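**Q**
In my numbering, the protein residues as written are 34 to 510.
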C-alpha cells in the first residue's frame with residue numbers, strides 16, 4: 034500500500050489509508066517522491082505499519098517478489114530442520130565421541146603405566162645398589178668389630194704413654210724452673226761479686242772543703258787560693274773560657290776513675306779541644322788530674338763491665354763494644370759522642386732485658402743505670418725470656434740515643450773505627466780497696482794506683498781476667 038501527497042512536508046507516523054486505495058491510483062503516486070523519515074532518502078514507495086507488522090513487504094532492490102513474512106517462515110523452517118539434523122548427528126556422534134574420550138584416557142593410562150614401570154625399575158636398581166652397599170658396610174663393620182679389641186689395647190697404651198710424657202713434661206718443667214732459679218741465683222751472685230771485687234762502683238758526693246783552705250785562714254789567702262783553683266780549672270776553648278772542674282758535682286767512681294753523675298762528659302771534648310796540638314807534659318797538668326784520662330778510663334772500665342754483664346746475663350748487645358774504644362787515642366767530638374751513645378744504648382738494652390723499671394732509667398747516665406742492677410726493687414736480675422717493656426717509655430729513652438747515632442753516622446768514617454779488633458782486651462785493674470763515698474774527687478785521683486791506671490789506658494795488658502773467663506767458657510762447653 035502506497036500514499037503520495039505534495040501538500041505535506043513530513044511523512045505521517047500512522048497511515049490510515051487502505052491498501053486498496055493506494056493501488057487504485059498507481060500513476061499519480063509514481064510521480065510523487067517523498068523523503069523517508071528513517072534513512073532520509075527520497076522514495077516513492079512506503080509501507081504502512083500494519084503491513085510491516087504482518088511482514089507484507091519486499092526488498093526494494095531485489096527482483097524477487099518474495100515477501101518478508103514468507104522469508105521469515107522459511108527461516109524458521111530451516112532452523113527447525115537444522116536443529117533436527119543436529120540432534121540426529123549428536124545422537125549418531127555420541128558413541129564416537131565417547132569412544133575418542135575412552136581412547137585418549139587409555140593412551141594416557143598407558144603412558145602413566147610406562148612411567149611407573151620405569152620408576153619401579155630404577156627403584157629396584159637403587160635397592161640393589163643399596164643392598165650391595167649394606168652388605169659391604171656390614172662386612173666392614175664385622176672386620177672393624179674384630180679389630181676393635183686391638184685398637185682398645187693401642188688406645189690404652191697411647192693413653193698411658195701420653196700420661197707418662199705429661200708427667201715427664203711436668204717434671205722437666207719443674208727441673209727447668211729449678212735450674213732457672215739456680216741460674217738466676219748464680220747470675221746474681223756473679224754480678225754482685227763482679228761489682229764488689231772487679232768493678233766496684235761508688236757514689237761520690239761533692240766536697241769542696243779540700244779545695245779551699247781552712248776557714249781559720251784570713252780572707253785574702255782564701256780568695257787567692259780560690260782564684261788559683263779557678264784558674265787551674267779554666268780553659269780557653271773555641272773562643273771562650275770554659276770551667277772544666279767537676280768536683281762540685283755528684284759523681285760515680287768505677288774502680289778509681291770517675292764519671293759525672295749527670296751524664297755530661299763534655300769535659301773530655303773540652304780537654305781534647307784545648308790540647309789538640311799535642312799531649313801536655315807532666316809539668317803543665319798531672320796525669321791523675323787530667324779530665325780526659327779520667328773520663329776515658331772510666332768509660333773503658335764501664336765498657337768492660339757491660340760486656341761481662343752481657344756474658345753473665347746471656348744477652349746479645351745491640352752495638353758491638355770494644356775495650357779499647359776510649360783509651361787508644363784522643364777521639365774527636367763526633368767519635369766520642371757516637372761511642373758514648375753506643376755504650377748507653379747497650380746499657381739500656383741490658384736494663385730492659387732484666388725488666389728494670391723505665392722510671393729509674395736515664396739515657397745518658399751510664400753508671401747510674403748500671404747501679405740499678407743491684408736494686409732488687411726495680412730490677413729482676415738474672416731473669417730469662419723475652420723483653421717486656423712499655424713501648425712508650427722505652428721509645429722516650431731510646432729516641433735521644435737513636436737521634437744521636439743517626440746524626441753522627443754520616444759524619445764518621447766507619448773504617449777508622451776500632452771496634453772490630455781486640456775482642457779479649459782488658460785494661461789493667463789496680464788492687465784498690467773499698468772507696469769511701471764521701472772522699473773528694475781530687476783525693477780519689479791521687480792514690481798510688483792512678484799511675485798504673487793511667488799507664489793501662491794505652492796498653493792492653495792484664496789478660497789474666499780474660500783468661501779466667503775463657504777457662505769458664507771452655508769448661509761450660
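Cβ coordinates follow ideal geometry from the N, Cα and C atoms, glycine included.
Source: prediction; values computed, not measured.
Would you mind giving the Cβ-Cβ distance between residue 391 and residue 423, rounded to the nearest angstrom? I have them listed as a contact below 8 Å.
**A** The pair is a contact, with the Cβ atoms about 6 Å apart (cut-off 8 Å).
**Q** With distances taken between CB atoms, is the gap from residue 387 to residue 412 smaller than 8 Å?
**A** Yes; because the gap between Cβ atoms is below 8 Å, this pair is in contact.
**Q** Could you pull the start and end residues of the beta strand (DSSP E) that residue 292 belongs to?
**A** Element bounds for residue 292: 291 to 293.
**Q** Below 8 Å on the Cβ atoms is my contact criterion, and I expect residue 381 with residue 408 to pass it. Report the Cβ-Cβ distance as a whole number of Å.
**A** Going by Cβ atoms, the distance from residue 381 to residue 408 rounds to 16 Å, so no, they are not a contact pair.
**Q** From the DSSP output, in three-state form, read off residue 92 for me.
**A** Three-state DSSP puts residue 92 in coil, outside helix and strand.
**Q** To the nearest angstrom, report how far apart residue 117 and residue 126 are at their CA atoms.
**A** Near 14 Å, if we compare the C-alpha coordinates of residue 126 and residue 117.
**Q** Taking its Cβ as the centre, do 16 or more other Cβ atoms sit within 10 Å of residue 173, making it buried, or is it exposed?
**A** Looking at its Cβ environment, which holds fewer than 16 other Cβ atoms inside 10 Å, residue 173 is exposed.
**Q** Around the C-beta of residue 136, are 16 or more other C-beta atoms found within 10 angstroms, so that it is buried, or is it exposed?
**A** Exposed, since its Cβ has fewer than 16 Cβ neighbours within 10 Å.
**Q** Taking DSSP as the reference, what is the three-state secondary structure of residue 236?
**A** Strand.
**Q** Verify the CB distance criterion: does residue 369 have a CB-CB separation below 8 Å to chain C?
**A** Protein chains in the displayed structure number just one, and chain C is not present.
**Q** What is the rounded straight-line gap between the Cα of residue 493 and the Cα of residue 357?
**A** With a pLDDT of only 36 at residue 493, under 50, the local geometry of the prediction cannot be trusted, and the value read off the model is given with reservation. Computed Cα separation, rounded: 8 Å.
**Q** To the nearest angstrom, how far is the alpha carbon of residue 338 from that of residue 204?
**A** Roughly 37 Å between the two C-alpha positions.
**Q** Would you kindly check if the distance between the Cβ of residue 301 and the Cβ of residue 292 is under 8 Å?
**A** Taking 8 Å as the Cβ cut-off, residue 292 and residue 301 do not qualify as a contacting pair.
**Q** What residues in its chain sit with their C-beta under 6 Å from that of residue 220, if we drop five residues either side in the sequence?
**A** Contacts found: 345, 415.
**Q** Give me the DSSP bridge partner(s) of residue 68.
**A** BP columns for residue 68 point to 75.
**Q** Rank 367, 394, 364 by C-alpha distance to the C-alpha of residue 378 and give the top, closest one.
**A** With distances taken between Cα atoms, residue 378 lies closest to 394.
**Q** Whole angstroms are fine: how far does the CA of residue 237 sit from the CA of residue 383?
**A** Approximately 24 Å between the Cα atoms of the pair.
**Q** Going by Cα to Cα distance, which pick from 331, 69, 417, 365 is closest to residue 343?
**A** The shortest C-alpha separation from residue 343 is found at 417.
**Q** List the residues that DSSP assigns as beta-bridge partners of residue 286.
**A** Paired residue(s): 235, 291.
**Q** Cβ atoms of residue 88 and residue 107: under 8 Å apart, would you say?
**A** Contact: no.
**Q** Helix, strand or coil for residue 348? Go by DSSP, reduced to three states.
**A** Three-state DSSP puts residue 348 in coil, outside helix and strand.
**Q** Out of 144, 366, 420, point me to the one whose CA is closest to residue 350's CA.
**A** With distances taken between Cα atoms, residue 350 lies closest to 420.
**Q** Taking residue 119 as part of the alpha helix (DSSP H), name the residues at either end of that continuous run.
**A** It spans 101 to 226 - the alpha helix (DSSP H) in which residue 119 sits, taken as one unbroken run.
**Q** Using the Cα positions of residue 212 and residue 227, report the straight-line distance between them to the nearest angstrom.
**A** Approximately 22 Å, taken between the alpha carbons.
**Q** Here's the rule I'm using: 16 or more other beta-carbon atoms within 10 Å means buried, otherwise exposed. How should residue 62 be labelled?
**A** Unreliable placement is indicated for residue 62, whose pLDDT of 45 sits below 50; the coordinate value is still reported in the next sentence. The residue is buried, with at least 16 neighbouring Cβ atoms inside 10 Å.
**Q** Using 10 angstroms around the beta-carbon of residue 327, count the other beta-carbons present and answer buried if the total reaches 16, otherwise exposed.
**A** It counts as buried.
**Q** Would you mind working out which of 325, 362, 398, 77 sits nearest residue 283, comparing C-alpha positions?
**A** Closest by alpha carbon: 398.
**Q** Give me the Cα-Cα distance between residue 376 and residue 230, rounded to the nearest whole angstrom.
**A** Taking the straight line from one Cα to the other gives about 22 Å.
**Q** Where do the N-terminal and C-terminal ends of the alpha helix (DSSP H) with residue 395 fall, by residue?
**A** Per DSSP, residue 395 belongs to no alpha helix (DSSP H) and is neither H nor E.
**Q** Does DSSP put residue 360 in a helix, in a strand, or in coil?
**A** Reduced to three states, the DSSP call for residue 360 is coil.
**Q** How many angstroms separate the CA atom of residue 224 from the CA atom of residue 193?
**A** Near 45 Å, if we compare the C-alpha coordinates of residue 193 and residue 224.
**Q** Compare the Cα-Cα distances from residue 83 to each of 69, 71, 102, 98 and report the closest residue.
**A** Out of 69, 71, 102, 98, 102 has the C-alpha closest to the C-alpha of residue 83.
**Q** Output the distance between the C-alpha atoms of residue 156 and residue 170, rounded to the nearest integer angstrom.
**A** Approximately 20 Å between the Cα atoms of the pair.
**Q** Using alpha carbons as the reference points, say which of 73, 91, 74 lies closest to residue 81.
**A** Of the candidates 73, 91, 74, the one whose C-alpha sits nearest the C-alpha of residue 81 is 91.
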